[in-house]
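Residue numbers (my numbering), protein chains in the order written: chain A, 117 to 275; chain B, 1003 to 1287. Worksheet for the structure shown next.
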Amino acid sequence: MNEINITVTVNGTEINAKVKPELSLLRFLRGQGFYDVKCGCEMGDCGTCTVILNGQAVKSCITLAAQADGGTVWTDKGLGVCDDITKRLQKAFVEHGAIQCGFCTPGMIVAGKAYIDNGGRADREEIKKAISGNLCRCTGYKKIVDAIFDVAEKIRKQE
Amino acid sequence: MKSFNYISVVTLNQALEALQQEKENACLVAGATNVLPFIRYKKINNKTLINIRNLKELRYIQETDEKIFIGSLTTITDLEKSDILKKYAPALVDAARNFADPTTRNSATIGGNIANASPAADTAPPLLALDAVVVSVSKSGERKIPIDEFFTGVNMTALKPEEMIKEIEIPKNPANSHSHFIKLGLRNAMAISIVSAAAVLEIESGKIKKVRIALGSVAPTPVRGRTVEKLLMGQDFSDKVIEKASSRIHEDISPISDIRASREYRQTVASVVVKRALQKIGGIY
Ligand SMILES: Cc1cc2nc3c(=O)[nH]c(=O)nc-3n(C[C@H](O)[C@H](O)[C@H](O)COP(=O)(O)OP(=O)(O)OC[C@H]3O[C@@H](n4cnc5c(N)ncnc54)[C@H](O)[C@@H]3O)c2cc1C
Chain A
117 MNEINITVTV NGTEINAKVK PELSLLRFLR GQGFYDVKCG CEMGDCGTCT VILNGQAVKS
177 CITLAAQADG GTVWTDKGLG VCDDITKRLQ KAFVEHGAIQ CGFCTPGMIV AGKAYIDNGG
237 RADREEIKKA ISGNLCRCTG YKKIVDAIFD VAEKIRKQE
Chain B
1003 MKSFNYISVV TLNQALEALQ QEKENACLVA GATNVLPFIR YKKINNKTLI NIRNLKELRY
1063 IQETDEKIFI GSLTTITDLE KSDILKKYAP ALVDAARNFA DPTTRNSATI GGNIANASPA
1123 ADTAPPLLAL DAVVVSVSKS GERKIPIDEF FTGVNMTALK PEEMIKEIEI PKNPANSHSH
1183 FIKLGLRNAM AISIVSAAAV LEIESGKIKK VRIALGSVAP TPVRGRTVEK LLMGQDFSDK
1243 VIEKASSRIH EDISPISDIR ASREYRQTVA SVVVKRALQK IGGIY
C-alpha cells in the first residue's frame, strides 16, 4: 500500500497518521474521531464538512488529507472552545431556532465564522451569499441567516 | 481498487522534476475541487498525485505597463478581490463572483479551472474575450499558447504530459475598453452554467473599434463568437445593431441537450446572453 505520513494539528492537538494519498480530509478527520465534521454529499455541494484549513474555510471532502500535512485544521467543535465568534454563533443558532435536525449546523457555523472574520457585516443578502455553499433541508435558511445577522450586528456595533 | 502515489512539492522546479519523471502517470492537484470528485467516481486511478497547492511562487496577480500576469495557483477568491483585475479585466472578476460559492472559491484555482477544460469552465469565456495567453512550462522551458488554441476538446488541452500551466498573460486593453461576463445557471449560487458569455468592447466616437465575444457551455470547448464579432466591427453602437448581430450567434455555437437544458433552449438564450453582455458594456459609455 502506498501510504504517506502526515502531521496535522487539529483543534490544537498534533496528530501523526499514515494515510492513503487519495484520502479526503473529511474521511481523515472523521477517522480521527472528529465527528462534528459531517459527511454529506462528498462532492463539494452540501458544505456540511466545512472546516478552517490554514486560516481559510474549505470543504474537507474536496481537499486531500495529505494536502493538510504540516497545517492547522479547526472544526466547529474546536472553534466553539477557543474562538469567540464561533461561541457566539453557536449560542445564536440555538436562540434563533436555527437548528432542526442539526446536520448542516457545523458547516453553517464555520461558514458564518469565515464570513464575519473576513469583515462581513449584518447584511442579509451578503450572509445568504456567504452560506450559498451550505445546504439546509429543514429550516428554510431564514433562522440561520437571522442567527448570523444577529452576531454580525453585535460584533460590528462593538467595533 | 484505488491506487495512487503521492509527491508533494513546494517549488516550481520540484514540480517540473516530478512531471518529467511521471509524465502520463502524473496528475497535478491544486485546489483538488475537480480531482477529488474524479477520484471518488473513479474517473482517475493509478496516478501519481503531485500536490502543488503549496506552490506559493505561482500565486500572484501582477501588472506591467502592457500586461497582467496571473499565476496558475491563484485562487478564485484572489481573482474576486484583485484591484488590478477590477480595473483591467472586470469580466474575470464577474466570473469569479459567480463561481461556485465562497468556500469552494478559496480552494479552486484559475490554473485548475482551465486545465480541467470543462466546456462550462467559468474563467474561460472571459480569458478568451480578453485575448489571454497561457504560459506553460516544463523542464525544457516555457511555451506560450494563445487561449483560443488551448482548449482542444471536453477535458482536453494543448498541454503535454510533462507540462504545467505557469501563468496566464492578459494584454491590457485601452482605457476606453470595457468587459463583462454573464452566467446563466439554474440558480444563482453553486450552479454550473447553462450558457455563459463574456464580451469586450472598445467604442470610439460611437463606433465599435474592437469587439470580442466568447461563450461557455454551448460547444465541446469554450468558443469565440466570431460571426457576431465580424458583424459588429466598425458599426455604430446601438441597441438595434447589437440585437441584430447577437441573433446570429447560433452560427458560432454547437450546443447539446443535457440535464441542465436542451439544445434549442441554449440556442435561444445564447443570443440573449450575448446581447445583454454587450448592452451592459454599452451602458458604461
Ligand atoms: C461544489 C463545486 C462547485 C463548482 N462550481 C464551479 C463553477 O461555478 N464554475 C466553474 O468553472 N467550475 C466550478 N467547479 C469546478 C472546479 O471547482 C473548478 O474547475 C476549479 O477551478 C478547479 O481548480 P482546482 O485548483 O480545484 O483544480 P484541481 O481539482 O486541483 O485540478 C483540476 C485539473 O487541472 C489540473 N491542474 C491543476 N493545476 C494545474 C496547473 N497549474 N497546470 C496544469 N494542470 C493543472 C489537474 O491535474 C486536474 O486535471 C465546481 C466544483 C465544485 C466541487
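Yeah, the Cβ is synthetic: ideal placement off N, Cα and C, and Gly gets one too.
Query                                                                                                                                                                         : Result
Under the assumption that A1017(B) contacts I1052(B) (Cβ atoms under 8 Å), give the Cβ distance between them as a whole number of angstroms.                                  : 6 Å
Please tell me whether I1041(B) has its Cβ less than 8 Å away from any Cβ of chain A.                                                                                         : yes
Given this structure, state the Cα-to-Cα distance separating S1084(B) from I1063(B), to the nearest angstrom.                                                                 : 8 Å
Using 8 Å as the threshold, is the C-beta distance between S1248(B) and S1273(B) below it?                                                                                    : yes
Are at least three pairs of beta-carbons, each pair with one atom in the segment 1129 to 1147 of chain B and one in the segment 1199 to 1207 of chain B, less than 8 Å apart? : yes
Could you pull the start and end residues of the alpha helix (DSSP H) that A1279(B) belongs to?                                                                               : 1265 to 1286
Counting only Cβ pairs nearer than 7 Å, list the residues of chain A close to K1004(B).                                                                                       : E138
Chain A beta carbons: is any one of them nearer than 8 Å to that of A1117(B)?                                                                                                 : no
When DSSP labels each residue in this structure, what does S1109(B) get in the three-state scheme?                                                                            : helix
Hey, out of F1006(B), L1217(B), I1170(B), G1073(B), whose CA is closest to E1038(B)'s CA?                                                                                     : The identity of residue 1038(B) in the sequence shown is Leu, whereas the question assumes Glu. Nearest of F1006(B), L1217(B), I1170(B), G1073(B) to L1038(B), Cα basis: F1006(B).
Heavy atom of ligand 1 less than 7 Å from the Cβ of M1166(B), yes or no?                                                                                                      : yes
Roughly how many whole angstroms lie between the Cα atoms of S176(A) and T188(A)?                                                                                             : 13 Å
Using only alpha-carbon positions, find the residue among C162(A), G160(A), T166(A), E275(A) that is nearest to A230(A).                                                      : T166(A)
Is it true that the segment 219 to 233 of chain A meets the segment 151 to 166 of chain A, where meeting means three or more beta-carbon pairs spaced less than 8 Å apart?    : yes
Regarding V1031(B) and ligand 1, is the C-beta to nearest heavy atom distance less than 7 Å?                                                                                  : yes
Quick one: measure Cβ to Cβ for V1136(B) and I1167(B), integer angstroms, because I've assumed they're closer than 8 Å.                                                       : 6 Å
What does DSSP give as the partner residue(s) for D1238(B) in the beta ladder?                                                                                                : K1209(B)
How many angstroms separate the CA atom of T1050(B) from the CA atom of A268(A)?                                                                                              : 44 Å
List, in order along the chain, the chain A residues whose C-beta lies closer than 7 Å to that of A1034(B)?                                                                   : I178, T179, L180, Q183
Would you kindly work out how many angstroms separate the C-alpha atoms of E1144(B) and S1138(B), rounded to a whole number?                                                  : 6 Å
Of the residues G1218(B), A1091(B), E1171(B), which one's Cα is nearest the Cα of F1153(B)?                                                                                   : G1218(B)
How is the alpha helix (DSSP H) around K1089(B) delimited, first residue to last?                                                                                             : 1085 to 1090
Anything in the segment 1005 to 1018 of chain B with a Cβ closer than 8 Å to a Cβ of chain A? List those residues in chain order, please.                                     : S1005, F1006, N1007, Y1008, S1010
Give me the Cβ distance between V1275(B) and D1254(B), rounded to the nearest whole Å; I'm assuming they're in contact under 8 Å.                                             : That pair is no contact at about 13 Å.
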